[in-house]
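A.B. asks:
2 protein chains.
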Amino acid sequence: VNLEVFDVSLPLFEGMAVYEGDPQFRLKRTSSVEEDGVCLSEASLSLHAGTHVDAPAHYLADGRSIDELPPIVGRAKVLDLSSVKSEITGEDLRGCGLRKGDVALFKTSNSQLLGLKTFSHGFVSLSLGGAEYLVSREVKAAGIDYFSIESFHSERKPVHKLLLGAGIPIIEGLDLRKISPGVYSIFCLPLPIRGAEAAPARCILVR
Amino acid sequence: VNLEVFDVSLPLFEGMAVYEGDPQFRLKRTSSVEEDGVCLSEASLSLHAGTHVDAPAHYLADGRSIDELPPIVGRAKVLDLSSVKSEITGEDLRGCGLRKGDVALFKTSNSQLLGLKTFSHGFVSLSLGGAEYLVSREVKAAGIDYFSIESFHSERKPVHKLLLGAGIPIIEGLDLRKISPGVYSIFCLPLPIRGAEAAPARCILVR
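Listed in order, the protein sequences are those of chains A and B. Using my numbering, the first residue of the first sequence is number 101, and each one after it goes up by one. Using my numbering, the first residue of the second sequence is number 101, and each one after it goes up by one.
(1) Can you list the residues of chain A that Pro-171 (chain B) reaches, using a CB-CB cut of under 7 Å?
(2) Rounding to the nearest angstrom, what Cα-Cα distance links Phe-287 (chain B) and Ala-241 (chain A) in this structure?
(3) With DSSP as the reference, label Lys-261 (chain A) as helix, strand or coil.
(4) Going by DSSP, what residues sit across from Glu-191 (chain A) in a beta bridge?
(5) Among residues of its own chain, excluding the 5 on either side of Phe-219 (chain B), which ones have a beta-carbon nearer than 8 Å to its beta-carbon?
(6) Would the beta-carbon of Ser-308 (chain A) fall within 9 Å of that of Thr-151 (chain A)?
(7) Excluding the 5 residues preceding and the 5 following Thr-189 (chain A) in the sequence, name in chain order all residues of the same chain whose CB lies nearer than 6 Å to its CB.
(8) Quick one: which residues of the stretch 130-144 of chain B get their C-beta closer than 8 Å to a C-beta of chain A? List them in chain order.
(9) Could you tell me the alpha carbon to alpha carbon distance between Gly-215 (chain A) and Arg-307 (chain A), rounded to whole angstroms?
(10) Quick check on the burial criterion: 16 or more other C-beta atoms within 10 angstroms. Buried or exposed for Arg-277 (chain B)?
(11) Counting only beta-carbon separations shorter than 9 Å, does Ala-176 (chain B) have a partner in chain A?
(12) Could you pull the start and end residues of the alpha helix (DSSP H) that Arg-126 (chain B) belongs to?
(13) Check each candidate in A:Gly-174, A:Lys-200 and A:Leu-291 and name the one with the smallest Cα separation from Pro-111 (chain B).
(14) Going by C-alpha to C-alpha distance, which of B:Pro-170, B:Asn-210 and B:Asp-122 sits closest to Val-105 (chain A)?
(15) Can you list, in chain order, the residues of its chain whose CB lies under 8 Å from that of Leu-140 (chain A), leaving out five sequence neighbours each side?
(16) Reducing DSSP to helix, strand and coil, say where Ile-249 (chain B) ends up.
(17) Please state if the CB of Ala-296 (chain B) and the CB of Ala-157 (chain B) are separated by a distance shorter than 9 Å.
(18) So is Lys-257 (chain A) in contact with chain B if we call contact Cβ pairs under 9 Å?
(19) Check for me: the beta strand (DSSP E) holding Gly-282 (chain B) runs from which residue to which?
(20) In terms of alpha-carbon separation, which member of B:Leu-193, B:Leu-289 and B:Arg-294 lies closest to Arg-237 (chain B)?
(21) Answer yes or no: do Gly-201 (chain B) and Gly-174 (chain B) have a C-beta to C-beta separation smaller than 9 Å?
(22) Can you list, in chain order, the residues of its chain whose CB lies under 7 Å from that of Pro-281 (chain A), leaving out five sequence neighbours each side?
(23) Checking 9 Å against the spacing of the C-beta atoms, do Leu-262 (chain A) and Val-224 (chain A) come in under that value?
(24) Would you check if the distance between the CB atom of Leu-127 (chain A) and the CB atom of Pro-300 (chain A) is smaller than 9 Å?
(25) With respect to the beta strand (DSSP E) encompassing Leu-305 (chain A), which residues constitute its N-terminal and C-terminal limits?
(26) Which partner residues does Cys-243 (chain B) have in the DSSP bridge list?
(27) For Gly-243 (chain A) and chain B, any beta-carbon pair shorter than 9 Å?
(28) Where in the stretch 132-202 of chain B do unbroken runs of the beta strand (DSSP E), each at least 3 residues long, occur, reported from the N-terminal end onward?
(29) Note down the Cα distance separating Asp-245 (chain B) from Ala-143 (chain A), rounded to an integer number of angstroms.
(30) Measuring straight from C-alpha to C-alpha, what distance separates Phe-125 (chain B) and Ile-293 (chain A)?
(31) Identify the residues that DSSP records as bridge partners of Ser-220 (chain B): which are they?
(32) In three-state terms, what does DSSP make of Ser-211 (chain A)?
(33) For Phe-106 (chain A), which residues does DSSP report across the bridge?
(34) Residues of the stretch 281-299 of chain A in Cβ contact with chain B at a cutoff of 8 Å, in chain order, please.
(35) So is Glu-250 (chain B) buried or exposed if we call it buried at 16+ other beta carbons inside 10 Å?
Shown next, in the form of C-alpha cells:
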C-alpha cells in the first residue's frame, strides 16, 4: 500500500499566534547535547494552542473530557468554503455530500491568516444554523482552519455548546493550506490528558 | 471498513510516573464552566512525559528535531518479549520476522510497571546488540513499554545514539498491556514542536 500522508497540524513554537487571552506557548531547554550530552526540554502551553480538539467538558459542566473520547479516526471530507465571507451557514453545507459519521473539515479563507504572527478577530466561523445542520447529519467531528470554529464576537458560544452537547468534538487550528477539497481518511490524535477540556493534537489526512 | 482501533498511549495526569529527574506533569485550570462559563486549562510537562517520541536531536548535536520527522505511519510488529529478564538482545529479535520499514514494538514484562505510581529503575531495555540488529533490519522506528528503551544504568546511552544516528526514532512509554503480539498498522503522532528533541505523542494501532 502506498499511502499519501498529509500533515495538517500547526507547528508549536514560541511566538506562534494563540487565541486572544490564551498564554503563549513556551519551550524551555533544560540541558543540551553540547554542554550536557543530552538535550532535554519542557513545554508549557494552553490546551488550545495550535491544532487542538475541544471536548464537551470545554463548555458543559458534566461533559466528557478529552481522554474520554475515542481518537478521531474515519472518513473526512474537506469542504471548499473559500467563498464564504463571514459565517458558514446550513445553506453552505447542504449539498456538500456529508454523510453520517463523516468528519467535516472546513477549508476557508482563514488559511490566509495562519501565516500571520498575531491572532485575527475577523476569521470565518460556523453559524448556529451551520452547526444545527452538522448535528442533523450526525457527523463524527467538525474541524476548521483557525483557532476557533465560532465567531470571536459570539458571547454565549452557542455553536460550541450545540456541537459539544451533541457529542461532536471540534478540531481547531487545522492547516489545510496544501489540501485539495475531497475525501480522505483522518487520524486526529489529541494528547490523552486526563480530565481535560481539550488537548493539542497531531492530525494527519491519508489517502 | 470496520477498523479496530487500539489506543496504546498513557494518560497524562498530575501524579503520573515520570522518568527519574524529569519534572512532574502539571495541569492548571484557569477557568471553569461553573464559575466562568468555560473551562480552560494549561499544561506544563517534560517532552518525555508519558508516551513520547525521541528524535535524533535528543542525543545528536546536529540531529533532526521532532517536527522534522514524518509522522510514524506504517506496519507495526508487536513482539512478545515477555520472557526477557533484563536486556533484549539481537538473538531475541532474530527470527521475529521484522522487515525493512517495520515499526518494531517490544512488549515486555515492563507492562507490569506501568500501573505503578513511581518510576522503576529495573525495567527491561534494549541491548546495544539488539539496537545493532534493528539498524541492520532498517526498521522505521522502535518502541517499548516503558519510559526508556535503554537501561537506566547506561551512562553514555549508546543504544539511543546508535538508533537515532541511524535515523530511527524511538517510541517510549507505550501501553501494550491489552495488545496481542502480531501485525498492526501504527499511527504514532507526536506534537510538532519546532526544534524539539522529542514530543509527547498519541499512538494508536489499527487492524
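All residues carry an ideal CB built from backbone N, CA and C; glycine is no exception.
C.D. replies: Looking at the coordinates:
(1) Against Pro-171 (chain B), the close residues of chain A are Val-105, Asp-107, Arg-302 and Ile-304, in the order they occur along the chain (beta-carbon pairs closer than 7 Å).
(2) Taken atom to atom, the span from the alpha-carbon of Phe-287 (chain B) to that of Ala-241 (chain A) is near 19 Å.
(3) helix
(4) Beta-bridge pairing links Glu-191 (chain A) to no other residue.
(5) Ala-117, Val-118, Tyr-119, Glu-120 and Phe-247
(6) One cannot answer for residue 308 (chain A) here, as it falls past the ends of chain A, which runs 101 to 307.
(7) Ser-227, Gly-229 and Gly-230, listed in sequence order.
(8) Val-133, Glu-134, Gly-137, Val-138, Cys-139, Leu-140, Ser-141, Glu-142, Ala-143 and Ser-144
(9) 26 Å
(10) exposed
(11) no
(12) Careful: Arg-126 (chain B) lies outside any alpha helix (DSSP H), inside the beta strand (DSSP E) at 126-131.
(13) A:Leu-291
(14) B:Pro-170
(15) Arg-129, Thr-130 and Ser-131
(16) coil
(17) yes
(18) yes
(19) 282-290
(20) B:Leu-193
(21) yes
(22) Val-178, Leu-179, Asp-180 and Lys-207
(23) Cβ atoms of Leu-262 (chain A) and Val-224 (chain A): not closer than 9 Å.
(24) Between Leu-127 (chain A) and Pro-300 (chain A), the CB-CB gap reaches or exceeds 9 Å.
(25) Looking at the DSSP string, the run of the beta strand (DSSP E) that includes Leu-305 (chain A) is 298-306.
(26) The residue asked about is misnamed: residue 243 (chain B) is Gly in this sequence, not Cys. Answer is B:Leu-205 and B:Ile-271.
(27) no
(28) 140-146, 152-154 and 172-180
(29) So the two alpha carbons sit approximately 23 Å from each other.
(30) 10 Å
(31) According to DSSP, Ser-220 (chain B) bridges with nothing at all.
(32) In this structure, Ser-211 (chain A) counts as helix in the three-state DSSP scheme.
(33) In the DSSP output, where bridge partners are listed per residue, Phe-106 (chain A) has A:Leu-305.
(34) Against chain B - using a Cβ distance shorter than 8 Å - the residues of the stretch 281-299 of chain A are Phe-287, Leu-289, Pro-290, Leu-291, Pro-292, Ile-293, Arg-294, Gly-295, Ala-296, Glu-297 and Ala-298.
(35) Using a 10 angstroms sphere on the CB of Glu-250 (chain B), the tally of other CB atoms reaches 16 or more, which defines it as buried.
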